[in-house]
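Heads up, the thing below is written out as structure tokens.
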Amino acid sequence: MTNEEIIRAKKQVEKIKILEKKLAAKKEYLMNKVHLCFDEGKTDTTQAEDYILNYFWQHAYENYIDGGCMSNDLVAIEHRFLYESSFFAKLFVDYKIDKDGAALDFGCGSAKYTEFFAKNFKKVIGVDISESTIEKHKQNNKLDNVEYICANILDCKIKEKFDFIYDGGIFTYIKDDLLVKEIIKKLTSMLKNKNSIFLVKESIAEHKRIDYKSINYIAYYRTIKDYSNFINWDEVKINHVKQLEWFRKYCNIYPEKLDEFYKNPLCIDKIVPNYNKNGLSSCFLVVKGN
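Counting from 0, one number per residue, gives the positions in the sequence shown under numbering that gives the first Met the number 0.
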């Protein structure tokens, strides 16, 4: 570069710095304006909430390795998968689920569980509303027994009956209770028989429903009692892997427990309850077919 080019570059950089400050101030103003509107609660913001949610899910896996949990923490992602896949494996045995049948992964996201289910069932269908995510899975899919569909489950034309259906937390992002009830009704109708299982995994509130609203993220945390209005479950199981911070602290003091975890991920169930005194934050609802 010549001296003149360096000087021009310096001037441009300084102009960009000024612009960045102005944009940062504008961004903060707009975010505060939206958040005050949400917190005030005087306006019906349902349409805006739907837009924010749709935008989030269309871009979740561009911003996060694990878009469903909004995480780029590779250790946490690994621990969560080891725990939950072990939970599924035990559930398949406990409920004697027919592995020669089919499974539906509703809200398949990153497809890591879709691929896990493919090792346990003859056929697996992964459904998600994110066009980019499903297109990526279709291009990268190397499993003959896996099919991916981009659709809203109510508009989905799947006629097959399933031995196992998994909801990985979709209802937390649906505001309307009647819509949740309608989706649950459709999914349970897709179970093959009384030996089939619909497994609902949802983040929950302890005492009363909490509607979390921000310009970047929307979530509706219902209570176990709220879900009892929609679902007749066979049993409720706490998903302790959602409280990984306690497990990490514990393993920092007792590092040998991490070795135990890799041998038996479900050991978290005996550790976390001793430290998490704030109630549930996630659970599995096990629903049996008719």
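For every residue, glycine included, the Cβ atom is placed at its ideal position computed from N, Cα and C.
Beta-ladder partner(s) of residue i, from DSSP
{"i": "TYR211", "result": "ALA218"}
{"i": "GLU234", "result": "VAL285"}
{"i": "ILE182", "result": "Answer is none; ILE182 lacks a bridge partner."}
Cβ pair residue i, residue j closer than 7 Å
{"i": "LYS98", "j": "ASN119", "result": "yes"}
{"i": "ASN192", "j": "GLY125", "result": "no"}
{"i": "TYR219", "j": "LYS174", "result": "yes"}
{"i": "VAL145", "j": "ALA117", "result": "yes"}
{"i": "PHE163", "j": "LYS236", "result": "no"}
{"i": "LYS185", "j": "PHE229", "result": "no"}
Residue range of the beta strand (DSSP E) that includes residue i
{"i": "ALA101", "result": "101-105"}
{"i": "VAL12", "result": "Premise fails: VAL12 lies in the alpha helix (DSSP H), 2-39, not in any beta strand (DSSP E)."}
{"i": "SER306", "result": "Absent from the structure is residue 306, since the part of the chain shown begins at 0 and ends at 289."}
{"i": "ILE124", "result": "122-127"}
{"i": "ILE148", "result": "145-149"}
Check: residue i C-beta below 6 Å from any heavy atom of the ligand HEM
{"i": "ASN251", "result": "For the ligand HEM, the structure offers nothing, since it holds no ligand at all."}
With 16 other Cβ atoms within 10 Å as the buried cut-off, status of residue i
{"i": "ASN238", "result": "buried"}
{"i": "LEU178", "result": "exposed"}
{"i": "LYS20", "result": "exposed"}
{"i": "GLY108", "result": "buried"}
{"i": "ALA59", "result": "buried"}
{"i": "ASP127", "result": "buried"}
Extent of the continuous alpha helix (DSSP H) run through residue i
{"i": "VAL354", "result": "Residue 354 is absent from the structure shown; the chain starts at 0 and stops at 289."}
{"i": "ILE133", "result": "130-139"}
{"i": "CYS250", "result": "243-252"}
{"i": "VAL92", "result": "73-93"}
Proximity test, Cβ basis, 7 Å: residue i and chain C
{"i": "ASP65", "result": "The chain labelled as chain C is not found in the depicted structure, where only one protein chain is given."}
Fill in: Contact between the stretch 72-80 and the stretch 239-254 (3+ Cβ pairs under 8 Å)
yes
Worksheet item: On the three-pair Cβ rule with 8 Å, is the stretch 153-169 touching the stretch 103-119?
Response: yes
Worksheet item: Would you call the stretch 219-230 and the stretch 128-138 in contact, with 3 or more CB pairs under 8 Å?
Response: no
Discussion item. For the stretch 160-177 against the stretch 199-208, do three or more pairs of beta-carbon atoms, one drawn from each stretch, fall closer than 8 Å, so that the two count as touching?
Written reply: yes
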